[in-house]
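Student:
Protein chains: 4
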Amino acid sequence: MGTQSKVVRAVRGGAVSGALGLIAAGLLLAVSGERVAAQDWVQSPWGADDELGAANLMTPERVKLAAELVTEGKVYSLGMIVGPDTPAFPPRSLSLTVLQPGQNGNSGLGNNNFTYNDDIFMGWLGIGPQIDGLGHAGVDHVYYGGRTYGDFAPASGLTELGLEKLPGLVGRGVLLDMAAYYGTEMVEEGTAYTKEDIQAAAEAQGVELREGDVVLFNSNWMDLLDGDAPDPQRFGAKEPGVGVSGAEYLAEIGVMAVGADTWGMEVVPAETEGDAFRAHQILQPEHGIYILENMDTRALADDGVHEFLFVLGQARLQGAVQMIINPIAIR
Amino acid sequence: MGTQSKVVRAVRGGAVSGALGLIAAGLLLAVSGERVAAQDWVQSPWGADDELGAANLMTPERVKLAAELVTEGKVYSLGMIVGPDTPAFPPRSLSLTVLQPGQNGNSGLGNNNFTYNDDIFMGWLGIGPQIDGLGHAGVDHVYYGGRTYGDFAPASGLTELGLEKLPGLVGRGVLLDMAAYYGTEMVEEGTAYTKEDIQAAAEAQGVELREGDVVLFNSNWMDLLDGDAPDPQRFGAKEPGVGVSGAEYLAEIGVMAVGADTWGMEVVPAETEGDAFRAHQILQPEHGIYILENMDTRALADDGVHEFLFVLGQARLQGAVQMIINPIAIR
Amino acid sequence: MGTQSKVVRAVRGGAVSGALGLIAAGLLLAVSGERVAAQDWVQSPWGADDELGAANLMTPERVKLAAELVTEGKVYSLGMIVGPDTPAFPPRSLSLTVLQPGQNGNSGLGNNNFTYNDDIFMGWLGIGPQIDGLGHAGVDHVYYGGRTYGDFAPASGLTELGLEKLPGLVGRGVLLDMAAYYGTEMVEEGTAYTKEDIQAAAEAQGVELREGDVVLFNSNWMDLLDGDAPDPQRFGAKEPGVGVSGAEYLAEIGVMAVGADTWGMEVVPAETEGDAFRAHQILQPEHGIYILENMDTRALADDGVHEFLFVLGQARLQGAVQMIINPIAIR
Amino acid sequence: MGTQSKVVRAVRGGAVSGALGLIAAGLLLAVSGERVAAQDWVQSPWGADDELGAANLMTPERVKLAAELVTEGKVYSLGMIVGPDTPAFPPRSLSLTVLQPGQNGNSGLGNNNFTYNDDIFMGWLGIGPQIDGLGHAGVDHVYYGGRTYGDFAPASGLTELGLEKLPGLVGRGVLLDMAAYYGTEMVEEGTAYTKEDIQAAAEAQGVELREGDVVLFNSNWMDLLDGDAPDPQRFGAKEPGVGVSGAEYLAEIGVMAVGADTWGMEVVPAETEGDAFRAHQILQPEHGIYILENMDTRALADDGVHEFLFVLGQARLQGAVQMIINPIAIR
C-alpha cells in the first residue's frame with residue numbers, strides 16, 4: 177500500500193478540541209493525492225472526481241420511461257422490517273429506545289397539552305434492508321474511482337462517496353425470479369447466478385435487461401425468516417446469489433443497481449474457494465454500481481411482475497457508508 | 177390521568193433477563209385495554225385497530241393517477257443532507273462513525289483482498305428531514321385511535337403505530353409556494369398559513385387540493401441554513417407554517433400527509449399564546465395524517481412545479497416513532 | 177402532581193439550535209421552584225440544596241479509621257465483569273465496538289508507527305455493577321430533597337443530583353454474609369433481610385454497623401451466573417435482599433451506602449404484595465443513601481472478611497443517574 | 177505486514193446470525209498464532225500469556241505500605257467532570273440521555289408509586305479522565321506481549337488485554353508537581369519531562385520513585401479549562417508532558433502507571449519532529465505500564481502532597497480498550 181504511506185486524520189469538533197495535538201505535532205501528514213492508477217478499473221467512465229457512479233444513468237428519459245411502467249398503481253414495499261433480532265453481519269447490531277422528554281407527572285406542553293414520543297437509534301447502518309454506497313466495498317483498501325482508504329474514510333465519516341451525495345435512485349426496476357427459473361420453492365445456498373443463468377431467466381420471463389436498470393433477484397430466501405419453518409441460522413450462514421460471471425455481465429450491460437433478497441446479494445460460499453465477496457468488488461469499486469441487500473421481492477414475484485418503477489430515497493446522512501432503506505416498487 | 181392508572185412495562189430480552197423481577201413481583205399491572213373514549217376524535221374512521229391512518233388513502237387508483245403526473249422524468253430529492261450540525265429540537269443530537277472491522281495491517285478478506293467500510297449511528301431519529309409517525313404527537317398522553325401512552329409506548333419501542341407498520345407513502349404531491357403567494361423571498365417567522373391562505377395560494381397557483389394528497393409548503397426557510405446569509409439560530413428559533421385553521425382545512429380535505437421546509441411544519445410562535453404545536457395534534461392524533469419536516473422544496477418551487485408523483489419509502493425500523501427520510505418527487 | 181403543573185425543558189446545544197422554537201413560543205413554563213413539602217422525608221438533614229446525601233458522612237476521621245482496617249494489603253474487586261450478555265433490567269442493553277481510526281493499510285502515525293485501538297459504548301448505564309445516584313429512585317416523581325421530576329431530570333441529563341457531583345465514596349466497608357447467617361449455600365429468592373436478621377447477622381459475625389458505613393450483603397446469588405449450574409433466568413426473575421424493616425434500620429443507623437450481590441439489592445417479590453422497590457425509596461429519596469447493585473462479594477465472604485476499607489471512584493459523567501462501577505475493597 | 181497476513185474476525189451474536197456467511201465461506205482464516213518476536217520488547221517479563229502487565233506489581237506488601245500513607249483521611253477525586261463539551265481527541269464524542277421508562281401520565285410502579293430515572297450513554301470511552309488499557313497503544317499494529325492487531329482486536333471487543341481483566345490499580349501514588357519544579361503557574365506546552373527533570377523534581381520535592389508506584393505529574397494545565405482565562409483550544413492543541421527519556425526512566429524504575437493532568441500525558445509536539453506519541457509506546461506495548469490521562473492533580477499539588485494511597489477501580493467492561501475513570505487519592 178505504498179501510496180498510503182501515512183494516514184490523514186479528519187478532524188471534527190473544531191474550536192474546542194483544537195485537534196488535541198495532532199495538528200500541533202505536525203502529524204497530519206498529507207496524503208499524496210495521487211490515486212491508485214495501476215489497475216484499469218480505477219478510471220471511472222464518469223470522470224476522476226465522480227462520486228455518483230452508475231447513478232449518473234438516472235436520466236430524465238429513463239425516469240420517464242420507468243414511470244410509464246405504472247399501469248395498476250400497486251405499491252410494493254421492498255424493505256423488510258428491521259429490528260434487534262434481524263440477522264446481521266457480525267458484529268453489527270442495533271437498538272432502539274423510545275422516550276418522552278419532560279413529560280412525566282404532567283400533562284404536556286402548552287395549554288393544549290402537547291405530549292410526544294421520541295426515539296434514539298444506536299447501532300450499525302448495514303443491517304436489514306440496506307444500500308451499499310460506493311464507499312462500502314474495496315480492493316485492498318482501494319475504492320471507487322481509485323480512492324484509497326486514507327483519502328476519504330476517516331472515523332468521522334466519509335469525506336467522499338458518502339450517501340449524502342446520492343439524491344436517490346429512480347429508474348426501471350427489473351425482477352428476475354430465480355426460484356421460478358430454477359423451478360424450486362427456494363433457491364439453495366451456494367447457487368451462483370451466472371451470466372448464462374441471468375440471460376436464460378430474463379428470456380424465460382420475457383424481460384430485457386437494459387442500461388440504467390435496477391435489477392433485483394428473487395430466491396424466496398426470506399422464507400427462512402418468516403416462512404413456515406424459520407431457520408435464521410441457515411439464512412445467515414450461506415446464500416444463493418450473483419456469481420462472478422453474473423456480476424460481470426450486469427456491469428457490461430451497465431445497470432444502475434443490483435439487489436437481492438439475501439443478506440449479501442452474491443453467492444456464498446464463493447464459486448472459487450478462498451474468494452470473499454468478489455461480486456461486490458466487480459460491481460462497486462470497479463463499476464460504480466450500487467448494491468441493495470435484504471430486498472423483500474416476494475410479493476413482486478408472486479404477482480409475476482418483472483418490470484416496474486423503482487424509487488429509492490435513502491436518508492442523506494453526511495458521511496454515511498450504508499443506510500437502512502425501504503425502496504418502493506410501483507407497477 | 178385516571179384512565180392510565182398504572183403502566184404496563186414491555187419486557188425485552190427474554191430468556192436471559194427473566195424480566196429482572198418485575199414479573200415475579202406481580203408488577204406487570206394490566207392496563208384496562210379501554211381506550212380513551214371521551215373525545216370524539218379518538219374514533220378513527222378506519223376502525224378501532226387501525227394503525228395506518230391516512231395512509232389508508234393510498235389506493236391503486238390514486239397511485240396510478242399520481243404516476244401520470246410524471247411528464248418530464250425530473251427527480252427531486254426532498255431530504256436535506258443531515259449531519260451533526262443540523263439544527264435539531266433539543267436535546268436531540270446525532271453522531272456517525274465509520275470503521276473497518278478487521279482490516280488493519282492487512283490486505284482484507286480472501287484471495288481477492290476484500291476490504292470494506294462500515295458505519296455506526298448514535299442519535300435521535302427526529303433530526304433533519306423526518307417523518308412523524310402516528311405514534312409521535314398526542315394530547316395529554318392520548319394518541320391516534322385513542323391509544324394512551326401506557327398502551328403502546330414502552331422504552332423498548334412502540335408496540336403499536338411504529339413506523340415498521342407503514343409500507344411507505346405514494347401519491348399525488350402538491351406544492352404550495354407560500355413565498356410566491358406572499359410575494360416575498362422568504363416567509364417570515366410567525367406567519368400562519370390559514371385556511372384562507374391555503375385556498376388562495378392553491379387558486380393562485382392553479383392547483384387543487386384533493387383527498388389523499390401529500391401537501392408540501394415552501395417558504396424558502398432553508399435559505400437560513402445554506403443561503404447567502406446563513407442564520408441557523410434564526411432558523412431554529414421560530415418558523416412560518418401551518419396554522420390552526422389551515423390544519424383543520426387540510427384534515428377536512430382528507431390529505432394523507434402535510435410537509436414543509438421548516439423544522440416543525442407549523443407556525444411558531446403559535447397563533448394563540450400558550451399553545452404548543454396544536455396543528456400537530458389536529459393532524460396526527462385527531463386525524464391520522466402524517467407530518468413531514470425539513471423538506472427541501474426549493475427546487476420544486478424554482479421550477480414552478482405544483483403537482484408531482486410523491487414517493488416516500490422510510491426505513492421500516494421496528495417500533496420507531498420518527499425516521500430520517502428522503503422522499504422523492506418526480507414530475 | 178399539582179406542584180408540577182408544567183414541565184420545564186432543559187435546552188442543550190445552544191447557539192445553533194436556538195431551542196427550535198420553544199423559547200420563542202413562550203413554552204418554557206416556569207416550574208414553581210417550590211419543592212414538595214407535604215411529606216417529612218423531603219427535608220434533607222444536610223440542607224435544602226444538598227446534592228450529596230449520605231456522602232456528607234465521608235469525613236476525614238471516618239476515612240482515616242477505615243484506612244486502618246487495611247492489615248494485609250489484599251485487594252478485592254467488587255465490580256463483576258459486564259458485557260452484552262449481563263442480565264439487565266429491561267429494556268436496558270449495551271454494546272461495545274472497538275475501532276482503529278485511520279490505521280488501515282498503513283503503519284500508523286509518525287515515524288515511530290503509532291497505532292492504537294479505541295472504543296465506543298452504546299447503551300444504558302444501569303447494567304451490571306452499578307451505583308444508583310440520588311437522582312435514580314423517587315416516590316411519585318419526587319426525589320431526594322423534595323425535588324420533583326420537572327425540577328432536575330430533563331432528557332439532556334440531570335441538572336441536580338447527577339453523579340458528577342459525587343467525588344466518590346470512601347469509608348468503612350462492612351460485609352454481612354447472609355448465606356452464612358442463614359446457613360445455606362445460596363440465599364433463596366424472596367428472602368427479606370429484616371432488621372432482626374441484620375442485627376443477628378452482625379452479632380453472629382462479630383461486626384458492628386456504624387454511621388457512615390458502606391454495608392454490603394452477600395447471598396452468593398451470583399453463583400447463578402458463573403457457578404456450576406448457571407441459571408441467569410432465575411438470577412433475574414427474583415432475588416433475596418434487604419426488606420422494608422432492614423432498610424429502615426440501615427437508614428436509622430445512618431449508613432452511607434447499601435450494596436448487595438443481586439441485581440436490585442432489595443428482596444423481590446416484595447414482602448407486601450403490590451409494592452415495588454420500596455427499600456429503594458426508603459434509602460434514596462427519603463434518606464439520601466446510595467445503592468450499589470451486582471457487587472461481587474463472594475471473595476470477601478470466602479475469606480471471612482467483615483470489615484475493610486471501601487473505595488469507590490465512579491466516573492463523573494455530567495448529568496448521569498447511574499454508573500457502571502468497580503468499587504475496591506482492601507483489608 | 178507479513179506477520180499479520182490475514183485477519184481473523186471475531187463473531188458475536190451466535191445462533192441467530194450464523195456469522196452471515198463468513199464461516200461458511202471458509203474465510204475465517206487462521207492467524208498464525210506466532211507473535212511478533214523480532215523485537216526484544218515483545219517478551220513480557222510476566223510471561224507470554226500475561227494480560228496484566230505492570231498491574232502484576234500490585235502485591236499485598238505494596239498495598240499495605242500504601243495504605244499506611246493515609247494519615248489525615250483526606251480524599252481527592254482525580255477524575256475531572258466529563259461531558260459533551262470536554263475536549264476530546266477527534267473524532268471522539270459522547271452524549272448522555274436521561275429517560276423514565278413507562279412513567280408518563282401515571283404515578284409509577286406499585287402501590288408505593290416507585291418512579292425512577294435511567295440513562296443512556298452514546299460515545300467513545302477515551303474522553304476526559306481515562307485509563308489506557310494495555311490494548312490501547314501499539315507499534316505498527318503490534319501490542320503488549322507481541323500481540324498483533326489481528327490476534328485480539330476485533331470490532332466486537334478486545335479478546336485479550338480488555339479492561340475487564342484488570343481488577344483495578346491500588347498502590348502508592350506519587351505526585352510530582354512540575355509547575356512547582358519549573359517555578360511557574362502553569363507549565364508551557366512542548367515542555368518535555370526528561371529523566372533529569374523527573375529526578376530533580378523528585379529530589380526537590382522529597383519523594384522517591386519506587387517500583388510499583390503510580391506516578392502523577394501536575395502541570396496545572398487544567399487551568400486552561402476552568403481557570404480565570406479558559407482556553408480549551410490551547411488545552412487541546414499541545415501539552416507539556418513526559419518525554420522519551422522520562423518514559424524510559426519510569427519504565428526502568430518499574431512503575432505501575434503514569435498519569436498526568438493533560439489530555440495525552442506526554443509532551444506534544446514531540447521532542448523529535450515526526451514522532452507521534454512515542455512515550456505511549458515505551459510505556460504500554462514495551463513495558464506493560466498503564467497510562468492515566470486528564471487526572472486533576474491540582475488539589476494534591478495545592479496541599480503539597482507527594483505520597484498517597486492511590487485507588488482506581490475502573491468499570492470492568494468486557495473487551496474495553498479505555499475507560500472513563502475517577503481514581504481516588506487518599507492521604
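Protein chains in written order, with this note's numbering: chain A, 177 to 507; chain B, 177 to 507; chain C, 177 to 507; chain D, 177 to 507. In this text, a Cβ means the ideal position worked out from N, Cα and C, and glycines have one as well.
Spell out a yes or no on whether the region 219-237 of chain B and the region 457-474 of chain B are touching, meaning 3 or more CB-CB pairs, one atom from each, closer than 8 Å.
Tutor: yes
Student: Please identify the residue among ASP294(A), TYR319(A) and ALA331(A) whose C-alpha is closest to the C-alpha of ALA313(B).
Tutor: ASP294(A)
Student: Which one or two residues does DSSP pair with THR324(D) in a beta bridge?
Tutor: According to DSSP, THR324(D) shares a beta bridge with VAL318(D).
Student: Once DSSP output is grouped into helix, strand and coil, what is the label at TRP300(D)?
Tutor: strand
Student: Between the Cα of ALA355(B) and the Cα atoms of VAL346(B), LEU345(B), ARG348(B) and THR367(B), which residue gives the shortest distance?
Tutor: The shortest Cα separation from ALA355(B) among VAL346(B), LEU345(B), ARG348(B) and THR367(B) belongs to THR367(B).
Student: Looking only at C-alpha atoms, which of GLN219(B), GLU237(B) and ILE257(B) sits nearest to ASP402(B)?
Tutor: ILE257(B)
Student: Out of ASP308(B), THR273(B) and THR324(B), which one is the CA nearest neighbour of GLN279(D)?
Tutor: THR324(B)
Student: Express the C-alpha separation of ALA331(B) and GLY514(A) in angstroms, rounding to a whole number.
Tutor: Since the first residue shown for chain A is 177 and the last is 507, residue 514(A) is missing from the structure and cannot be characterised.
Student: Between GLN339(A) and GLY417(B), what straight-line distance do the alpha-carbon atoms span, to the nearest angstrom?
Tutor: Sequence inspection shows Leu at residue 339(A); the Gln mentioned does not correspond to that position. Those two C-alpha atoms are separated by around 30 Å.
Student: For THR273(D), would you say it is in contact with chain A, using Cβ-to-Cβ distances shorter than 8 Å as the test?
Tutor: yes
Student: Can you tell me where the alpha helix (DSSP H) holding LEU468(A) begins and where it ends?
Tutor: DSSP places LEU468(A) in no alpha helix (DSSP H) but in the uninterrupted beta strand (DSSP E) bounded by 466-469.
Student: Looking at the structure shown, is GLN306(A) part of a helix, part of a strand, or coil, going by DSSP?
Tutor: In this structure, GLN306(A) counts as strand in the three-state DSSP scheme.
Student: Anyone know if the C-beta pair for ILE458(B) and GLU424(B) falls short of 8 Å?
Tutor: yes
Student: Is the CB-CB distance between GLY249(D) and ALA455(C) below 8 Å?
Tutor: no
Student: Where does GLY412(D) land, buried or exposed, given buried means 16+ other C-beta within 10 angstroms?
Tutor: buried
Student: Which one or two residues does DSSP pair with ARG348(B) in a beta bridge?
Tutor: LEU485(B)
Student: When you compare each of VAL239(D), VAL444(D) and ALA378(D) to GLU364(D) by their alpha carbons, which one comes out closest?
Tutor: VAL444(D)
Student: Can you give the Cα-Cα distance for LEU352(C) and ASP437(C), rounded to whole angstroms?
Tutor: 11 Å
Student: Helix, strand or coil for GLU442(C) per DSSP?
Tutor: strand
Student: Assign THR473(D) to buried or exposed, taking buried as 16 or more other Cβ atoms, counted over all protein chains shown, within 10 Å of its Cβ.
Tutor: buried
Student: Which residue spans inside the region 392-461 of chain D form an unbroken beta strand (DSSP E) run of at least 3?
Tutor: 433-436
Student: Please tell me whether ILE504(A) has its Cβ less than 8 Å away from any Cβ of chain B.
Tutor: Chain B, which has a Cβ nearer than 8 Å to the Cβ of ILE504(A), makes this yes.
Student: If you follow the alpha helix (DSSP H) that ALA377(C) is part of, which residue opens it and which one closes it?
Tutor: 371-380
Student: Can you tell which of ALA376(B), GLY304(B), GLY359(B) and PRO277(B) has its C-alpha closest to the C-alpha of ASP261(B)?
Tutor: GLY304(B)
Student: Can you tell which of LEU345(B), GLY359(B) and GLU336(B) has its C-alpha closest to the C-alpha of GLN494(B)?
Tutor: Residue GLU336(B) is the option with its Cα nearest to GLN494(B).
Student: Where GLN498(A) and ARG492(A) are concerned, what is the direct C-alpha to C-alpha distance, given to the nearest angstrom?
Tutor: Taking the CA atoms as reference points, GLN498(A) sits about 10 Å from ARG492(A).
Student: Tell me the rounded alpha-carbon separation between SER253(C) and VAL487(D).
Tutor: 11 Å
Student: Rounded to a whole number of angstroms, what is the C-alpha to C-alpha distance between GLY440(D) and VAL391(B)?
Tutor: 54 Å
Student: Report back the beta-carbon spacing between VAL218(D) and GLY322(D) to the nearest angstrom; my notes put them in contact at under 8 Å.
Tutor: 3 Å
Student: Between GLN219(B) and chain C, is any beta-carbon pair separated by less than 8 Å?
Tutor: Not an interface residue.
Student: From what residue to what residue does the alpha helix (DSSP H) around ALA356(B) run?
Tutor: 354-358
Student: Could you check where the alpha helix (DSSP H) with ALA331(B) kicks off and where it finishes?
Tutor: Neither: ALA331(B) is in no alpha helix (DSSP H) and is coded neither H nor E.
Student: Less than 6 Å between C-beta atoms, sequence neighbours within five positions excluded: which residues of the same chain meet that for GLN381(A)?
Tutor: HIS482
Student: When you compare the CB positions of GLY489(A) and PRO503(B), do they come within less than 8 Å of one another, or not?
Tutor: yes
Student: For a contact meaning CB atoms closer than 8 Å, what does ASN173(A) contact in chain B?
Tutor: Because chain A spans 177 through 507 in this model, residue 173(A) falls outside it and cannot be assessed.
Student: Whole angstroms is fine: what's the gap from ALA505(A)'s alpha carbon to ARG507(B)'s?
Tutor: 17 Å
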